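*Asks:* Counting from -18, one number per residue, gives the positions in the sequence shown under my numbering. Just passing along the structure, written as structure tokens.
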Amino acid sequence: MTEVNVLGVVEHPNLVKLVGYCAEDDERGIQRLLVYEYMPNGSVEDHLSSRSESPLPWAMRLKIAQDAARGLTYLHEGMDFQIIFRDFKSSNILLDGQWNAKLSDFGLARLGPTEGLTHVSTAVVGTMGYAAPEYIRTGHLTSKSDVWGYGVFIYELITGRRPLDKNRPKNEQKLLDWLKPYISDTKKFHQILDPRIEWNGSHKSAQKLAAVADRCLTRHPKQRPKMSEVLEMVNRIVDTSQEMSSSQLPKTKGLKPMV
-18 MTEVNVLGVV EHPNLVKLVG YCAEDDERGI QRLLVYEYMP NGSVEDHLSS
32 RSESPLPWAM RLKIAQDAAR GLTYLHEGMD FQIIFRDFKS SNILLDGQWN
82 AKLSDFGLAR LGPTEGLTHV STAVVGTMGY AAPEYIRTGH LTSKSDVWGY
132 GVFIYELITG RRPLDKNRPK NEQKLLDWLK PYISDTKKFH QILDPRIEWN
182 GSHKSAQKLA AVADRCLTRH PKQRPKMSEV LEMVNRIVDT SQEMSSSQLP
232 KTKGLKPMV
């Protein structure tokens, strides 16, 4: 049971806690049940969805980006061994009662390459729209595969759009393809901002975060930053963002908890 094995040895504020599990053998085979800490505010995907009545304000999205980077950094660099998440996406980032973001669902997680090896060879699994191109092409898995997924997630936070949405017009279905003409022209950048939230001048921090995403989405995996480097960049953006001032944080009270 990969998930039990992973969560049994890791502990971090930005990883969901495994409270307990049981396994029973019956006529259907071995039945397993995992019990996690309660995350009352659902997933980030729930709140980015067009169906959400309370879209997350930008200050909250920045905090979520920071929390998620902390969780991934711990998995990649915070232990004597490395864990590659392999299925980093907004539906696997859950929000607790204080709106802290935590990574969840470690069913596809793998141990990173052992000393002397550059990658882990696996069957290609994960979620379309988030998977790194070299992983799809070769099955070679590295921590930089997670970094790519994090870059996609950043643009999901900025735009409020899913990485792959077949309900949109054909030229808008793939988020990264749709973005290209806008992120290459700073005068057009505002056109990708999620129109459901009030930006109030915070588009500058969104541009800075987009620059971080662009580095994560470098085609060659060796040229992508490590998650610890990504976290440092995100921390600087959060620290300098006016959206993280105490006068802005009360806006989160308008969010409706998930039932």
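Beta carbons are placed, not taken as given, at the ideal position from N, Cα and C, and that holds for glycine. Only a predicted model underlies this, so the values are computations on that prediction, with no experimental measurement involved.
Whole angstroms are fine: how far does the CA of I64 sit from the CA of M225?
*Replies:* Stepping through the sequence shown from its first residue, residue 225 is reached at position 244. Stepping through the sequence shown from its first residue, residue 64 is reached at position 83. Only weak support exists for where M225 lies, its pLDDT of 47 falling under 50; the coordinates are left without a value.
*Asks:* By Cβ distance below 6 Å, which residues in the same chain neighbour G78 in space, the five residues on each side in sequence not counted?
*Replies:* Here the question's residue 78 lines up with position 97 in the sequence shown. Correct list, in chain order: P21.
*Asks:* For L174, which beta-bridge partners are listed by DSSP?
*Replies:* Along the sequence shown, one-based indexing puts residue 174 at 193. L174 is not bridged to any residue.
*Asks:* Does the separation of the CB atoms of R149 and D175 fall below 9 Å?
*Replies:* Locating residue 149 in the sequence shown gives position 168, counting from the first residue. Locating residue 175 in the sequence shown gives position 194, counting from the first residue. Cβ distance not < 9 Å, so R149 and D175 don't count as in contact.
*Asks:* So for Y17, helix, strand or coil by DSSP?
*Replies:* Against the sequence shown, residue 17 aligns to sequence position 36. Strand at Y17.
*Asks:* What would DSSP say about Y111, mapped onto helix, strand or coil?
*Replies:* In the sequence shown, residue 111 corresponds to position 130, counting from 1. Coil.
*Asks:* Consult DSSP for Q204 and reduce its assignment to one of helix, strand or coil.
*Replies:* Position 223 of the sequence shown holds residue 204. Q204: helix per DSSP, three-state reduction.
*Asks:* Note down the Cα distance separating E5 from G23, rounded to an integer number of angstroms.
*Replies:* Taking the sequence shown and counting its residues from 1, the one referred to as residue 5 is at position 24. Taking the sequence shown and counting its residues from 1, the one referred to as residue 23 is at position 42. Looking at the two C-alpha atoms, the distance is approximately 28 Å.
*Asks:* CB L249 to CB L15, shorter than 9 Å?
*Replies:* Outside the displayed range of the chain (-18 to 240) lies residue 249, so it cannot be described from this structure.
*Asks:* Alpha carbon to alpha carbon, how far is C197 from E8?
*Replies:* Here residue 197 is taken as the residue at index 216 of the sequence shown, counted from 1. Here residue 8 is taken as the residue at index 27 of the sequence shown, counted from 1. One C-alpha to the other measures close to 47 Å.
*Asks:* Using alpha carbons as the reference points, say which of G(-11), G130 and L29 lies closest to D177.
*Replies:* Reading the sequence shown from its first residue, position 196 is the one you call residue 177. In the sequence under discussion, the amino acid at residue 177 is Arg, which differs from the Asp named in the question. Closest option to R177, Cα to Cα, is L29.
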